[in-house]
Amino acid sequence: MTDQIPRPSRHHLLRIARRTLAKSWDDSIFAESAQAGFWSVLSLPPLLLGMLGSLSYIAPLFGPDTLATIQDRLIGMASSFFSKNVVVEIIEPTVRDIVSNARGEVVSLGFVISLWAGSSAISAFVDSVVEAHDQTALRHPVRQRFFALGLYVAMLVIAVAGAPFAALGPHAVAEHLPARWTDLLRFGYYPALVLGLLVAVTVLYRVSLPKPLPSHRLVMGAVLATTVFVVATLGLRVYLRYITSTGYTYGALATPIAFLLFAFLLGFAIMLGAELNAAVQEEWPAESTHLRRLREWMATRTTRNDRGCDDPLTPS
């Protein structure tokens with residue numbers, strides 16, 4: 001076993017591609033993606049309540065207009081991925097309504113319940129990644145659900161801590177840059193957004209697995225997932241714009257259906273990337289991470305000491 005992937009031949013690439021597609025079908029990628037998409041849509045209001053409700057206490061420390069700036073940035077970021085109807089009819093009203101009432105909700109029982117409901121989407125993504133790597137039996141379902149809750153809370157804390165800096169940072173930087181650099185800063189927004197998505201998917205792949213792979217072995221799947229999601233969402237936006245221009249729509253259901261399709265594509269992309277990582281792992285097995293090997297060595301040494309064995313052990 002090796003952490004480094006050998007230089008692949010055409011034969012290896014074809015075999016990995018076939019294995020990825022076959023395993024995706026065997027793991028019911030469409031059903032898993034639909035489940036993840038459903039829970040993503042259902043978890044959106046609780047997720048926004050958790051983040052914006054916490055920010056209603058934190059953001060004013062950075063200035064009176066910080067929360068409004070974060071709100072506008074969040075809506076603008078959603079516009080980069082979702083269609084205009086989805087943003088205007090679903091995301092923007094939800095964000096503005098939560099911002100106007102979030103401060104009181106944080107101290108209520110509803111906020112605690114929202115943490116559990118908001119973590120449902122994370123739980124669906126974790127389940128799909130674990131299933132793709134055939135590690136479902138390594139973690140009890142109840143434990144995995146609470147693991148997803150803890151992961152959601154950790155992500156929520158990071159988002160709340162980083163949101164003021166992410167919202168105010170570009171303005172602060174732009175004030176100290178020459179005018180000719182302003183265009184560069186504006187054009188760098190979308191690459192930075194895609195890079196952030198790539199890093200987030202890689203972290204999700206790493207922390208979801210009971211027996212995680214080395215981080216660099218997960219980048220390939222994260223690149224595939226990010227590429228599929230970005231390309232698919234752009235294609236869906238073009239398709240929805242074309243359908244709208246022809247006059248054929250689903251009426252009042254058009255916007256919810258479009259939102260569900262975007263959420264489905266996110267789940268599909270994440271699971272497809274995980275299946276690619278699993279296929280690469282089958283072709284070139286990687287050793288356990290250094291942290292896991294250290295834990296196994298310490299557990300083995302503790303067991304031997306409990307049995308009264310004094311033979312020295314060293315971690316491999």
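Its first residue numbered 1, the sequence shown is counted upward by one per residue in UniProt numbering. In this text, a Cβ means the ideal position worked out from N, Cα and C, and glycines have one as well. Given the structure is predicted, the values throughout are model-derived calculations rather than measurements.
Rounded C-alpha distance that separates residue i from residue j
i	j	result
Asp127	Ala278	14 angstroms
His59	Leu74	One point to set straight first is that residue 59 is Ala, not His, in the sequence displayed. Taking the straight line joining both Cα atoms gives about 14 angstroms.
residue 321	Val203	Since the first residue of the chain shown is 1 and the last is 316, residue 321 is not available in this structure.
Thr20	Phe62	47 angstroms
His140	Phe146	10 angstroms
Asn85	Leu240	10 angstroms
Ser316	Val130	Low per-residue confidence applies at Ser316: pLDDT is 47, beneath 50, and the placement is therefore not dependable enough to give any value.
Thr244	Leu138	47 angstroms
Met271	Val112	29 angstroms
Ala22	Leu13	14 angstroms
residue 349	Glu92	There is no way to answer for residue 349, as the model of the chain reaches only from 1 to 316.
Pro64	Gly273	41 angstroms
Pro46	Ser54	12 angstroms
Ala232	Val142	33 angstroms
Thr66	Leu52	12 angstroms
Leu234	Val157	30 angstroms
Glu282	Ala31	24 angstroms
Pro164	Ala200	19 angstroms
Val228	Thr302	46 angstroms
Ala230	Val238	Checking the sequence shown, residue 230 turns out to be Val, not Ala. Spanning the two alpha carbons is a distance of roughly 12 angstroms.
Gln144	His11	37 angstroms
Asp27	Thr246	37 angstroms
Gly162	Tyr242	37 angstroms
Ala68	Arg18	48 angstroms
Met155	Gly50	11 angstroms
Close beta carbons around residue i, own chain, < 6 angstroms, minus the five adjacent residues each side
i	result
Phe82	Phe262
Ser119	Ala148, Leu149, Tyr152
Ala124	Gln35, Ala36, Trp39
Ile29	Met271
Extent of the continuous alpha helix (DSSP H) to which residue i belongs
i	result
Ser273	The displayed chain sequence assigns Gly, not Ser, to residue 273. Element bounds for Gly273: 254 to 283.
Thr233	219 to 246
Nonlocal neighbours in the same chain, by C-beta distance under 8 angstroms from residue i, ignoring five residues either side
i	result
Val280	Ile5, Ile16, Arg217, Met220, Gly221
Gln135	Leu209, Pro210, Lys211
residue 342	Residue 342 is absent from the model: the chain starts at 1 and stops at 316.
Leu236	Ser83, Ala258, Leu261, Phe262, Leu265
Chain C contact for residue i (CB, 8 angstroms cutoff)
i	result
Ala263	Absent from the structure is chain C; it holds one protein chain and no more.
Close Cβ partners of residue i (< 7 angstroms) along its chain, the five nearest in sequence each way excluded
i	result
Val223	Leu198
Phe187	none
Ile90	Thr255, Phe259
Leu48	Thr94, Val95, Ile98
Val207	Leu151
residue 317	Residue 317 lies beyond the stretch modelled for the chain, which goes from 1 to 316, so this question has no answer here.
Contact belief for residue i with residue j at Cβ below 8 angstroms, rounded distance in angstroms
i	j	result
Val153	Leu115	7 angstroms
Val99	Gln71	5 angstroms
Gly267	Ser33	4 angstroms
Ala121	Ser215	Incorrect: roughly 23 angstroms between the Cβ atoms, too far for contact.
residue 354	Ala159	Residue 354 cannot be examined here, being either before or after the span of the chain that is shown, 1 to 316.
Glu275	Ala132	5 angstroms
residue 319	Tyr190	This structure gives no information on residue 319, because the portion of the chain shown stretches from 1 to 316.
**OP:** Enumerate, from N- to C-terminal direction, the unbroken alpha helix (DSSP H) stretches of 4 or more residues contained entirely within the stretch 26 to 114.
**Re:** 29 to 58, 66 to 81, 92 to 105
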